[in-house]
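These notes concern the structure reproduced below.
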Amino acid sequence: MVGRLVKDQQIRLFEQQAGQQRARLLPAAQLANRREEVVDAKTEAGQRLLDAQP
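Anchor point for the sequence shown: position 33 equals 33 in the working numbering, and the numbering is continuous, going up by one each time.
Here it is as structure tokens:
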């Protein structure tokens, strides 16, 4: 019985740690998306400048 309780506790600890890692990955992915949006915006702005030149 005690062995099963220890095993259950270890499983919960593992699941908690895995959840924390996933929580850290989400902001990193969101940051990557924002960087991509900034690059796209700069590229678009640069293209508009080139198109506006006589």
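Beta carbons: idealized from backbone N, C-alpha and C, even for Gly.
1. Out of curiosity, what's the CA-to-CA distance linking E36 and A52?
2. When DSSP labels each residue in this structure, what does Q47 get in the three-state scheme?
3. DSSP state of Q141, grouped into three classes?
4. Check whether chain C comes within 9 Å of G3, counting only Cβ atoms and requiring the distance to be less than that.
Result, derived from the coordinates:
1. 24 Å
2. helix
3. Examination of residue 141 is not possible in this model, given that the chain is present from 1 through 54 alone.
4. Absence of chain C from the displayed structure is noted, only one protein chain being present.
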